[in-house]
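Enquirer: In the working numbering, the protein residues as written are 173 to 412.
Quick one: structure below, then a few questions.
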Amino acid sequence: MRFYILTLFPEMVRECLLTSILGRAAEKGILSFEAVNIRDYTRDKHKKVDDYPYGGGAGMLMQAQPVYDAWLSVVDRIGYRARTVYLTPQGYPFTQPMAKEFAQEDALIFLCGHYEGIDERVLEEIVTDYVSIGDYVLTGGELPAMVIADAVSRMVPGVLSNQESGSAESFEGNLLEYPQYSRPEEWHGKRVPPILLSGNHRKVDEWRREQSILRTKERRPDLLKKAVLTEKEKREHTYG
Ligand code: ADE
Numbered sequence: 173m174r175f176y177i178l179t180l181f182p183e184m185v186r187e188c189l190l191t192s193i194l195g196r197a198a199e200k201g202i203l204s205f206e207a208v209n210i211r212d213y214t215r216d217k218h219k220k221v222d223d224y225p226y227g228g229g230a231g232m233l234m235q236a237q238p239v240y241d242a243w244l245s246v247v248d249r250i251g252y253r254a255r256t257v258y259l260t261p262q263g264y265p266f267t268q269p270m271a272k273e274f275a276q277e278d279a280l281i282f283l284c285g286h287y288e289g290i291d292e293r294v295l296e297e298i299v300t301d302y303v304s305i306g307d308y309v310l311t312g313g314e315l316p317a318m319v320i321a322d323a324v325s326r327m328v329p330g331v332l333s334n335q336e337s338g339s340a341e342s343f344e345g346n347l348l349e350y351p352q353y354s355r356p357e358e359w360h361g362k363r364v365p366p367i368l369l370s371g372n373h374r375k376v377d378e379w380r381r382e383q384s385i386l387r388t389k390e391r392r393p394d395l396l397k398k399a400v401l402t403e404k405e406k407r408e409h410t411y412g
């Protein structure tokens, strides 16, 4: 899977995406990341990429031309108009199902805005998906692009060494993951829950399922409403 990130700050993106698990997958050739500097495509003799908004208001806007030409150069190389994701607080909220859906693509283009945003006309021509990573405002789209690239990458087969780790984790079935413990058996006077030392896998699974439900009920009651629970679980956890 190929990721192209259109940005004014390519070095910010390069460093991050070539580290750790994504870096390893890139070395293996499963993923590739390319940060494209929008400023390289300006036709302005002072390399300017922004200007004042018509109608007035605070701040500057990224102009249509350099964004469009940077995008065209990428589309030319990919060979088709790949899905183009614009990171904006005005987008659809990003979720795990979206990560899985994006992971089906052969190529994805991320468009990172800065300043007060981007001229609407170029967005209308190139953007297929408007995506937000949460209800807060960041200084640019780079961090959101990296968040999404990370979440999508780990859904691409072969990126995680153990495909298992993609199944029993938070958001599967709309439940948060259960708590986990490693050695030593006692730390700061706290003992590992005895059931985890019992060797009884059925009991361990039951305990983990219960913990997932309790944790979701406490921290994300909105998610619990969407979780698929047995009748018994519903009786025990949802009313009361
Ligand atoms: N750009 C600035 N804030 C953002 C957010 N919350 N999500 C996506 N892109 C953004």
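Glycine residues also receive a C-beta, built at the ideal position from the N, C-alpha and C atoms.
#1: Return yes when the Cβ of Y308 is within less than 8 Å of the Cβ of M232, no when it is not.
#2: For W379, which residues in the same chain have their Cβ closer than 6 Å to its Cβ, ignoring the five residues on either side in sequence?
#3: Between R326 and R196, what straight-line distance do the alpha-carbon atoms span, to the nearest angstrom?
#4: Can we say the segment 220-236 touches the segment 248-268, given the rule of at least three CB pairs closer than 8 Å?
#5: Should Y264 be labelled buried (16 or more other beta-carbon atoms within 10 Å of its own) or exposed?
#6: Would you call the CB atoms of V185 and E314 closer than 8 Å?
#7: For the beta strand (DSSP E) containing Y240, list its first residue and its last residue.
#8: What are the start and end residues of the beta strand (DSSP E) that includes E206?
#9: Would a C-beta distance cut-off of 8 Å place S304 and T260 closer than the cut-off?
#10: Tell me whether the segment 395-405 and the segment 350-367 touch, counting them as touching only if at least three CB pairs, one residue from each stretch, are closer than 8 Å.
#11: Are the CB atoms of V328 and A275 nearer to each other than 8 Å?
#12: If the criterion is Cβ atoms closer than 8 Å, does the pair F266 and F175 meet it?
#13: Given a cut-off of 8 Å on the beta-carbon distance, is the pair L190 and A242 in contact?
#14: How far does the beta strand (DSSP E) with R174 in it extend, from its first residue to its last?
#15: Tell me which residues share the same chain as C188 and place their Cβ nearer than 6 Å to its Cβ, disregarding the 5 neighbours each side in the sequence.
#16: Below 7 Å CB to CB, which residues in the same chain sit around A198 once its five sequence neighbours on both sides are set aside?
#17: Kindly indicate which three-state DSSP category R326 falls into: helix, strand or coil?
#18: Can you tell me whether Y308 sits near the ligand ADE, meaning its C-beta is under 7 Å from at least one heavy atom of the ligand?
#19: By the DSSP assignment, the alpha helix (DSSP H) with F274 in it spans what residues?
#20: Can you tell me the Cα-Cα spacing of N372 and R391, whole angstroms?
#21: In the DSSP output, what is Q256 paired with across the bridge?
#22: Taking G229 as the reference, give the member of G289, Y213, M270 and M173 with the closest Cα.
#23: Just to check my reading of the structure: A323 and A271 have Cβ atoms closer than 8 Å, yes? What is that Cβ distance to the nearest angstrom?
#24: Just curious, the beta strand (DSSP E) that K303 is in, first and last residue?
Expert: Checking against the coordinates, here is how it stands:
#1: Here residue 232 refers to the residue found at position 60 when the sequence shown is read from its first residue. Here residue 308 refers to the residue found at position 136 when the sequence shown is read from its first residue. Taking 8 Å as the Cβ cut-off, M232 and Y308 do not qualify as a contacting pair.
#2: Within the sequence shown, the letter at position 207 stands for residue 379. Excluding residues within five positions, the ones whose Cβ falls inside 6 Å are I367.
#3: The residue given as residue 326 occupies position 154 in the sequence shown. The residue given as residue 196 occupies position 24 in the sequence shown. Rounded to the nearest angstrom, the two C-alpha atoms are 12 Å apart.
#4: no
#5: In the sequence shown, counting from the first residue as 1, residue 264 sits at position 92. Exposed, because fewer than 16 other Cβ atoms sit within 10 Å of the Cβ of Y264.
#6: As a position in the sequence shown, residue 185 is number 13, starting the count at 1. As a position in the sequence shown, residue 314 is number 142, starting the count at 1. Cβ distance < 8 Å, so V185 and E314 count as in contact.
#7: Along the sequence shown, read from residue 1 onward, the residue named residue 240 stands at position 68. Taken as a continuous stretch (DSSP letters only), Y240 belongs to no beta strand (DSSP E), being part of the alpha helix (DSSP H) at A236 to I250.
#8: Translated into the one-based positions of the sequence shown, residue 206 becomes position 34. Start and end: S204 to N209.
#9: Here residue 304 is taken as the residue at index 132 of the sequence shown, counted from 1. Here residue 260 is taken as the residue at index 88 of the sequence shown, counted from 1. Yes; because the gap between Cβ atoms is below 8 Å, this pair is in contact.
#10: no
#11: Here residue 328 refers to the residue found at position 156 of the sequence shown. Here residue 275 refers to the residue found at position 103 of the sequence shown. Closer than 8 Å, so yes.
#12: What you label residue 266 is simply residue 94 of the sequence shown in a count that begins at 1. What you label residue 175 is simply residue 3 of the sequence shown in a count that begins at 1. Cβ distance not < 8 Å, so F266 and F175 don't count as in contact.
#13: For this step, residue 190 is matched to residue 18 along the sequence shown. For this step, residue 242 is matched to residue 70 along the sequence shown. Not closer than 8 Å, so no.
#14: In the sequence shown, counting from the first residue as 1, residue 174 sits at position 2. Taken as a continuous stretch (DSSP letters only), the beta strand (DSSP E) holding R174 covers R174 to T179.
#15: Start at 1 with the first residue of the sequence shown, and residue 188 comes out as number 16. M318, listed in sequence order.
#16: Residue mapping note: residue 198 aligns to position 26 of the sequence shown, counting from 1. The answer, listed in chain order, is L190, S204 and F205.
#17: Within the sequence shown, residue 326 is the residue found at index 154, counting from 1. Coil at R326, not helix or strand.
#18: Numbered from 1 along the sequence shown, position 136 holds the residue referred to as residue 308. Yes, the ligand ADE has a heavy atom inside 7 Å of this Cβ.
#19: As a position in the sequence shown, residue 274 is number 102, starting the count at 1. Note, F274: alpha helix (DSSP H), Q268 to F274.
#20: The residue labelled residue 372 in the question sits at position 200 within the sequence shown. The residue labelled residue 391 in the question sits at position 219 within the sequence shown. Roughly 28 Å between the two C-alpha positions.
#21: Walking along the sequence shown from the start, residue 256 turns up at place 84. The sequence given here places Thr at residue 256; Gln does not occur at that position. Looking at the DSSP assignment, T256 forms a beta bridge with I281.
#22: Here residue 229 refers to the residue found at position 57 of the sequence shown. G229 has its Cα closest to that of G289, out of G289, Y213, M270 and M173.
#23: For this step, residue 323 is matched to residue 151 along the sequence shown. For this step, residue 271 is matched to residue 99 along the sequence shown. Between A271 and A323 the Cβ distance is about 4 Å, and since that is below 8 Å, they are a contact.
#24: In the sequence shown, the residue the question calls residue 303 occupies position 131. Checking the sequence shown, residue 303 turns out to be Val, not Lys. Element bounds for V303: D301 to S304.
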